[in-house]
Amino acid sequence: MTEQQLPEGWQMVKFGDIAKHISKRVEPSETDLEIYVGLEHLDPDSLKIKRHGTPSDVEGQKLLVKKGQIIFGKRRAYQRKVAVADWDCICSAHAMVLEANPKICYS
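Counting in our numbering, the sequence shown tops out at residue 181, every number present.
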């Protein structure tokens, strides 16, 4: 899409201007968080997390997620698995954690 094709009032920006990629990793056994979100817990076309696991269910480094951050399943991205975290948790390393820029994106 070019700037000439944008709807009136819109502007083209770089992805990094609207969201920040968060990549803080943690060991599940070394966190006091009680919720683990894997890609299997994300439903296509839904921004809600309706089920989850616990950190004791998994091994290896995972990503730290804070309430309000976005979890995007980067493995098989065509499945459109994305959700907004309702709580602090950890998630699969096969995801991306994003934080919206509050100056540009608001709910």
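We put the CB at the ideal spot given by N, CA and C, even for glycine.
Distance from the CA of I178 to the CA of A93, rounded to the nearest whole angstrom, comes to 9 angstroms. Note: G127 is bridge-paired with Y110 in the DSSP secondary-structure output. Within a 10 Å sphere around the beta-carbon of P118 sit fewer than 16 other beta-carbons, which makes this residue exposed. G142 is positioned such that its CB atom lies no closer than 8 angstroms to that of A169. Contact check for I144 against H126 fails: the beta carbons are separated by 8 angstroms or more.
Shortest Cα-Cα distance from G112 to any of W84, S130 and D106 involves S130.
K122 and Q78 have their alpha carbons spaced roughly 34 angstroms apart. Note: K94 is bridge-paired with E173 in the DSSP secondary-structure output. Here A157 carries a strand assignment [DSSP, helix/strand/coil].
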